[in-house]
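Engineer: First residue of the sequence shown? That's 12 in my numbering, and the numbers climb one at a time after it.
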Amino acid sequence: MNQADHQKRRLIEWITAEVTRQVGRRYQVAWEVLDDRSLREIRRLLRDLETEKDIAVRQARLFPWQTR
């Protein structure tokens with residue numbers, strides 16, 4: 012296994028774990044068929060969604076009378 016394959020495997024493991032953590036269930040997605048760029052974009056998407064969730068929770072705690 013070369014360095015690129017190892018990095019891709021670690022990225023897939025991170026994505027799988029993060030999806031499971033955020034959603035609370037496992038999905039049978041064939042991440043291996045995606046290219047490295049697509050996997051990095053999925054990682055970016057998951058991080059952005061987590062940030063948006065944190066902002067929404069913070070806003071709801073600070074201003075519970077306001078709804079979006």
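Yeah, the Cβ is synthetic: ideal placement off N, Cα and C, and Gly gets one too.
(1) Using the beta-carbon count (16 or more within 10 Å), is residue 26 buried or exposed?
(2) Can you check which of these residues, 70, 69 and 48, is closest to residue 23 by C-alpha distance?
(3) Buried or exposed for residue 53, going by 16 or more other Cβ atoms inside 10 Å?
Structural biologist: Per the coordinate set shown:
(1) As a position in the sequence shown, residue 26 is number 15, starting the count at 1. Residue 26 comes out buried.
(2) Numbered from its first residue, the sequence shown carries residue 23 at position 12. When only C-alpha atoms are compared, the closest one is 48.
(3) In the sequence shown, the residue the question calls residue 53 occupies position 42. Label assigned to residue 53: buried.
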